[in-house]
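*Asks:* Following this message is one structure expressed as structure tokens.
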Amino acid sequence: MTHWKDILQKSITTYSALQKHLDCNNTVLEEVIANFPMRINPYFLNLIKTPHDPLWKQAVPDPAELEDTVCIADPLGEENLSPVPNLVHRYPDRALFLVTNQCAMYCRFCTRKRKVGTERMHISDDTIQAGFDYLRKTPAIKDVLISGGDPLLLDDEVLEKLLFTLRRIPSIEIIRIGTRAPCTLPMRITKRLVTILKKFHPLFINTHFNHPDEITPEAARACTLLADGGIPLGCQTVLLKGINDDPSVILALMRALLRVRVKPYYLFQADLTRGTNHFRTTTETGIAIIRHLIGRVSGMGIPTFALDAPGGKGKIPLSPDFVLARGKNLVFQSPCGEICTYPEAGEAF
7 MTHWKDILQK SITTYSALQK HLDCNNTVLE EVIANFPMRI NPYFLNLIKT PHDPLWKQAV
67 PDPAELEDTV CIADPLGEEN LSPVPNLVHR YPDRALFLVT NQCAMYCRFC TRKRKVGTER
127 MHISDDTIQA GFDYLRKTPA IKDVLISGGD PLLLDDEVLE KLLFTLRRIP SIEIIRIGTR
187 APCTLPMRIT KRLVTILKKF HPLFINTHFN HPDEITPEAA RACTLLADGG IPLGCQTVLL
247 KGINDDPSVI LALMRALLRV RVKPYYLFQA DLTRGTNHFR TTTETGIAII RHLIGRVSGM
307 GIPTFALDAP GGKGKIPLSP DFVLARGKNL VFQSPCGEIC TYPEAGEAF
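In our numbering, each number is its position in the sequence shown, counted from 1, plus 6.
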């Protein structure tokens, strides 16, 4: 098997390289790439079947990224919630620790596209140490999510040292890793990596698949390796216009995730990130998709549809409403459309 670093080294990062591999003859894309970097590794490139298919749209720059006058650079207010560089403390008991600015592919809808893959996201030994120091002096933080960029692009030794240091902080109970590597570069998931990760339980991984075509035999193998290592896997899918804003697509994705032992966790409404407005759907679209899932797949396969509130206000669940009336009886509609009643506690049946 080709080493994952060799695959990454052959990534498309320039407009001229893009022209050689895909039918892209719009010079505006040079300006797009200058503002928002591009990286498409050979593995993901080979998954693209036709121009502008769901995987193309996630990976290939679009002139619409420069035409966005609606969205903002830092929609979740992360910079204002960072007591030290690259550590976001939004919730009382949790922290987001950004440890790299690199990804196996720079997704065009990325929340941090303002800085991921650029010098605007400066991460060094000093910033990592400042993060550790803050976590040590803030014992209210029990749960740390390691993200970036993609933490699994760190060398094994670097990642192991980082996890070892976190585990030595007594107040930290849970470690989570946010990674898209099982989807975008599944050969990064090796037996050696899993051996390292499972030394630091309780450790969870939230990965990220947006379309059934991303769950390839290679991706399935990566998820199997992680699951066999006792690492619980969740998926954070983003609702994206023209990619997965179709109930049948999301249903197929949820079923495929369960087959590879990945629990659907969140279906996210797209953030208000500058350069991504063309990906946004209405919230009604997402609510309708969740309604479609209920009754068609087991509860394990139904993610929480959520909106990450602008300005760092946190994740807000958005759910379909099956309740028609409340009183002595709860009147509601079943997934099949039947009207049902349920007597409230204390009422005669």
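Where is the CB? At the ideal position from N, CA and C, for every residue including glycine.
Arg45 and Met111 - do their beta-carbons sit closer together than 7 Å?
*Replies:* yes
*Asks:* List the DSSP bridge partners of Gly320.
*Replies:* Ala315
*Asks:* Who are the near neighbours of Val303 in its chain, counting only those whose CB is closer than 7 Å to its CB and skipping five residues on each side?
*Replies:* Leu257, Met260 and Arg261
*Asks:* Could you check whether Gly248 and Asp74 sit closer than 7 Å to each other, using their CB atoms as the reference points?
*Replies:* no
*Asks:* Could you tell me which uninterrupted alpha helix (DSSP H) segments, each at least 4 residues in length, are contained entirely in the segment 243–317, listed from first to last along the chain?
*Replies:* Secondary structure remark: continuous alpha helix (DSSP H) runs of at least 4 residues inside the segment 243–317, in chain order: 253–265 and 289–299.
*Asks:* Just to confirm, is the Cβ distance from Phe103 to Leu93 under 7 Å?
*Replies:* Taking 7 Å as the Cβ cut-off, Phe103 and Leu93 qualify as a contacting pair.
*Asks:* Within the 7 Å Cβ cut-off, does Ser17 reach chain D?
*Replies:* Of the chains in the structure shown, none is chain D; there is only one protein chain.
*Asks:* Since Pro67 contacts Arg114 with CB under 8 Å, what's their CB separation in whole angstroms?
*Replies:* 7 Å
*Asks:* Does DSSP classify Tyr112 as helix, strand or coil?
*Replies:* coil
*Asks:* Please name the residue, chosen from Gly317, Val90, Pro326 and Gln339, that lies closest to Phe311 on a Cα-to-Cα basis.
*Replies:* Pro326
*Asks:* Write down every uninterrupted run of the beta strand (DSSP E) in the segment 69–130 whose length is 3 residues or greater and which is fully enclosed by it, in chain order.
*Replies:* 100–104
*Asks:* Let me make sure I understand the geometry here. Which of His217, Ala228 and Thr201 has the alpha-carbon closest to that of Leu273?
*Replies:* The shortest Cα separation from Leu273 among His217, Ala228 and Thr201 belongs to His217.
*Asks:* Under 8 Å: do the segment 289–299 and the segment 49–69 share three or more Cβ pairs, one atom per stretch?
*Replies:* no
*Asks:* Do you know how far the Cα of Glu163 is from the Cα of Pro208?
*Replies:* 20 Å
*Asks:* What are the start and end residues of the alpha helix (DSSP H) that includes Leu24?
*Replies:* Tyr21 to His27
*Asks:* To the nearest angstrom, report how far apart Leu151 and Asp12 are at their CA atoms.
*Replies:* 28 Å
*Asks:* Would you kindly report the start and end of the unbroken alpha helix (DSSP H) that includes Asp149?
*Replies:* Not the alpha helix (DSSP H): Asp149 falls in the beta strand (DSSP E), residues Asp149 to Ser153.
*Asks:* Roughly how many angstroms lie between the CA atoms of Pro53 and Cys189, to the nearest whole one?
*Replies:* Per the sequence presented here, residue 53 reads as Leu, with Pro not at that position. Going by the C-alpha atoms only, they are around 11 Å apart.
*Asks:* Give the DSSP-derived three-state secondary structure of Cys229 in the structure shown.
*Replies:* helix
*Asks:* Please determine, among Gln108, Val76 and Glu71, the residue with the shortest C-alpha to C-alpha distance to Asp161.
*Replies:* Gln108
*Asks:* Please classify Tyr348 as buried or exposed, where buried requires at least 16 neighbouring CB atoms within 10 angstroms.
*Replies:* Tyr348 should be labelled exposed.
*Asks:* Would you mind reading off the limits of the alpha helix (DSSP H) that contains Ile50?
*Replies:* The sequence shown places Phe at residue 50, rather than the Ile named in the question. Run containing Phe50: Pro48 to Leu51, per the alpha helix (DSSP H) assignment.
*Asks:* Would you tell me roughly how many angstroms separate the C-alpha atoms of Lys321 and Arg96, rounded to the nearest one?
*Replies:* 11 Å
*Asks:* Quick one: using the 10 Å Cβ neighbour count with 16 as the cut-off for buried, is Asp29 buried or exposed?
*Replies:* exposed
*Asks:* Out of Thr291, Gly292, Ala225 and Ser22, point me to the one whose CA is closest to Leu264's CA.
*Replies:* Ala225
*Asks:* Three-state secondary structure (DSSP) at Gly240?
*Replies:* In the structure shown, the three-state DSSP call for Gly240 is strand.
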